[in-house]
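Heads up: the structure comes next, in structure tokens.
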Amino acid sequence: MDERIRYIALRRILLYVLFCNLGVALAKVLYGKMAGIASITADGFHSLSDGASNIIGLFGLAFAFRPADASHPYGHKKFETFASLGIAMLLFGAASEIIREVWARLRTSHIPEIQSESFVIVAVTILVNALVVFWEKSVGRKWRSDFLLADALHTQSDIFVSLGVFGTLVAVRLGLPWVDTLTALVIVGLIVRAGIAIIRESSRILCDENVLHPEAIAHVVREIPEVQGCHKIRTRGRADDIHLDLHVLVDENMSVEEAHRISEEVEQVIKQKFNGVTDVTVHIEPTTEKEEHR
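Here the sequence shown is numbered in UniProt numbering, starting from 1 and rising by one per residue.
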């Protein structure tokens, strides 16, 4: 995978999505203010968090695609994963804002007058966000971007919020203002759930959880004729940047040159069989030292 092409593709879509999110937010905030509909105004401010997450992503990607250096010998790709935690924080912040909005509505008896254009504004912004989610998920899966997939969840939560607002408009028009509170609380639950999912996935990567099953790797390595066994198999990292190390057993009488050749073959075979593996460290051991691990 050409990292420069990947970076350009991710940066391009984030810029496009940023403009879409800002347009959606601006439309809802301006209309909500002019029409005096607090729910649409609040939804617009919530949409601004999508734009903020795009800006975080642009900075995160800029760091993530820097080449490895003396201070970061394994590269900077985890900066992209770390940036996705910022999206989770924005989700929790949005949930908090909605709770405050619900509380404010409970303290007032004001019921806004709902016009037809209110439904049109919300429906159009839902459609735009749905297209953004589809776009981000497609590109995120293609380029294995933690951030884009996390941002898609964030934008998806905005769709749930807008659907809740749409339902609220219907309920208010039918004389059922209490539906507003119930819908808002359900939306809060969905947003918090999305935030927890992002934190769980990011933590798995940042805390070096095993990425590949050791037995699957061992099966592939043992197919090499000169290899007599392997053990202590460990993997970590992102799906597109997996680091792997293992111990390989060879004949005790084998020369250093031959053992080195086998270690290179092990590395090559692993990279061919498992997508996303970028670094393999092979520790060669004579069979007699670790017979119990055959």
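All residues carry an ideal CB built from backbone N, CA and C; glycine is no exception. Treat the numbers as computed from the prediction; the structure is a model and nothing was measured.
Per DSSP, the unbroken alpha helix (DSSP H) holding E257 starts and ends at V256 to K273. Under the rule that a run must span 4 or more residues, the alpha helix (DSSP H) segments found entirely inside the region 62-127 read 78-106. H213 and V220 have their alpha carbons spaced roughly 12 Å apart. Close CB contacts of L149 within its chain, under the 6 Å cut and outside five residues either way in sequence, are with G140 (chain order). With fewer than 16 other beta carbons inside 10 angstroms of its own, Y74 counts as exposed. When the five nearest sequence neighbours on each side are left out, the beta carbons in the same chain lying within less than 8 Å of the beta carbon of I126 are those of I159, S162, L163 and F166, in order along the chain. In this model, S255 and T278 are separated by some 27 Å (Cα to Cα). Take A239, set aside five residues on each side of it, and the residues of its chain with a beta-carbon closer than 6 Å to its own are R144 and G276, in chain order. Counting C-beta pairs closer than 8 Å gives fewer than three between the region 195-209 and the region 255-265, which falls short of the contact rule.
Within the same chain, Cβ atoms closer than 8 Å to the Cβ of S118 are found at Y31, A35, I37, I40 and L169, the five residues on either side in sequence being excluded.
Counting only runs of 3 or more residues that sit fully inside the region 143-193, no beta strand (DSSP E) segment turns up. Around the beta carbon of G189, a 10 Å sphere encloses fewer than 16 other beta carbons of the protein chains shown; the residue is thus reported as exposed.
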